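Shown next, in structure tokens, is the structure this report addresses.
Written as structure tokens, this is what we have:
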């Protein structure tokens, strides 16, 4: 049992190092600057060096906030994200918990992370931190209405709506309103073909611009796409 656990932890660690390094290298090409080059060969250990530096930095607690919520919130978010990997089948033999309800358990565990972020924002007793955590919670709740699938050719309109909504849900630029990056959105090579160039070329949207995009553009398109799909299915019967 210990071998799959350590294999999974080692694989996640290496994957994070490589993905962060690739993202920084691509951003250096887009911005025409020098990227990480000192930590390890070609700077591939830069994320590990940054994490080690953060471990030795001073922990600043809000004087007027709730220190218990402020400290427990990030732990809840991190634990929920790490636990979600335990039910993901990376291969036929590399899975920690092979259950019949893996997909539902994964959704339930992953939905706990926004609660931890909301607790941190509320515990800091800072209105901007609270709004950032509340925004994460609201966007996460709204994303549950989407459909996760690869019907790209059958649903091109739905795919575009899903892509924009996923970027907003992951707080990737230009939708990083809470000023946090909790998850990395990756669909094959789409992260480095579309998401990273979008992040480093477009400015951050304001709250009203994001709401206008969601309610006045994405919602009517998704409803029209739903009506079109339903009509085509009824006509094919």
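Numbering (our numbering), first residue to last: 16 to 252. All C-beta atoms in this analysis are idealised placements derived from N, C-alpha and C, irrespective of residue type, glycine included. Because the structure is a prediction, the values reported are computed rather than measured.
Which listed residue (177, 172 and 139) has its alpha carbon closest to that of residue 243: Taking the chain shown and counting its residues from 1, one reaches residue 243 at position 228. Comparing Cα positions, the closest option is 172.
Residue 101 - DSSP class collapsed to helix/strand/coil: Within the chain shown, residue 101 is the residue found at index 86, counting from 1. In the three-state scheme derived from DSSP, where H, G and I count as helix and E and B as strand, residue 101 is classed as helix.
Whole-angstrom distance between residue 177 and residue 162, CA atom to CA atom: In the chain shown, counting from the first residue as 1, residue 162 sits at position 147. In the chain shown, counting from the first residue as 1, residue 177 sits at position 162. Note that residue 162 has pLDDT 43, beneath the 50 cutoff, so the model's placement of it is unreliable and the number below is only indicative. Looking at the two C-alpha atoms, the distance is approximately 8 Å.
Member of 43, 63 and 45 whose CA lies at the smallest distance from the CA of residue 31: Indexing the chain shown from 1 puts residue 31 at position 16. Residue 31 has its Cα closest to that of 63, out of 43, 63 and 45.
Residue 51 (DSSP reduced to helix, strand or coil): Within the chain shown, the letter at position 36 stands for residue 51. Note: residue 51 maps to coil in three-state DSSP.
Integer-rounded CB distance, given that residue 54 should sit under 8 Å from residue 61: Within the chain shown, numbered from 1, the residue matching residue 61 stands at position 46. Within the chain shown, numbered from 1, the residue matching residue 54 stands at position 39. Approximately 4 Å separates the beta-carbon atoms of residue 61 and residue 54; this is inside 8 Å, confirming the contact.
Three or more C-beta pairs below 8 Å linking the segment 81-97 and the segment 126-134: Enough Cβ pairs lie closer than 8 Å, so yes.
Residue 117 to residue 58 span [Cα, whole Å]: On the chain shown, residue 117 is found 102 positions in, with the first residue counted as 1. On the chain shown, residue 58 is found 43 positions in, with the first residue counted as 1. Straight-line spacing of the CA atoms in residue 117 and residue 58 works out to 37 Å.
Collapsed DSSP secondary structure at residue 115 in the structure displayed: Counting from one through the chain shown, the residue named residue 115 turns up at place 100. The answer is coil: DSSP assigns residue 115 none of H, G, I, E or B.
Nearest-angstrom beta carbon gap, residue 27 and residue 100 [assumed within contact, 8 Å]: Mapped onto the chain shown, residue 100 falls at position 85. Mapped onto the chain shown, residue 27 falls at position 12. The C-beta separation of residue 100 from residue 27 comes to about 6 Å, placing the pair in contact by the 8 Å criterion.
Three-state secondary structure assigned by DSSP to residue 39: Here the question's residue 39 lines up with position 24 in the chain shown. Residue 39 sits in a helix when the DSSP states are folded into three classes.
Of the residues 231, 241, 128 and 120, the one placed nearest residue 96, counting alpha carbons only: Taking the chain shown and counting its residues from 1, the one referred to as residue 96 is at position 81. Ranking the options by Cα distance to residue 96, first place goes to 128.
Residue 237 - containing alpha helix (DSSP H), residue span: Working through the chain shown from its first residue, we reach residue 237 at position 222. It spans 234-251 - the alpha helix (DSSP H) in which residue 237 sits, taken as one unbroken run.
Distance CB(residue 227)-CB(residue 138) smaller than 8 Å: Here residue 227 refers to the residue found at position 212 when the chain shown is read from its first residue. Here residue 138 refers to the residue found at position 123 when the chain shown is read from its first residue. Remark: C-beta atoms of residue 227 and residue 138 do not approach each other more closely than 8 Å.
Residues near residue 233 in its chain [Cβ-Cβ closer than 7 Å; skip 5 each side]: Here residue 233 refers to the residue found at position 218 when the chain shown is read from its first residue. Excluding residues within five positions, the ones whose Cβ falls inside 7 Å are 176, 179 and 180.
Straight-line gap, residue 250 to residue 37 (C-alpha atoms, nearest Å): By 1-based counting over the chain shown, the position of residue 250 is 235. By 1-based counting over the chain shown, the position of residue 37 is 22. Our two residues, residue 250 and residue 37, have alpha carbons roughly 47 Å apart in a direct line.
Euclidean distance between Cα positions of residue 111 and residue 224: Along the chain shown, read from residue 1 onward, the residue named residue 111 stands at position 96. Along the chain shown, read from residue 1 onward, the residue named residue 224 stands at position 209. Near 42 Å, if we compare the C-alpha coordinates of residue 224 and residue 111.
Residue closest to residue 23, alpha-carbon to alpha-carbon, out of 124, 121, 103 and 236: As a working mapping, residue 23 is identified with position 8 in the chain shown. Closest option to residue 23, Cα to Cα, is 103.
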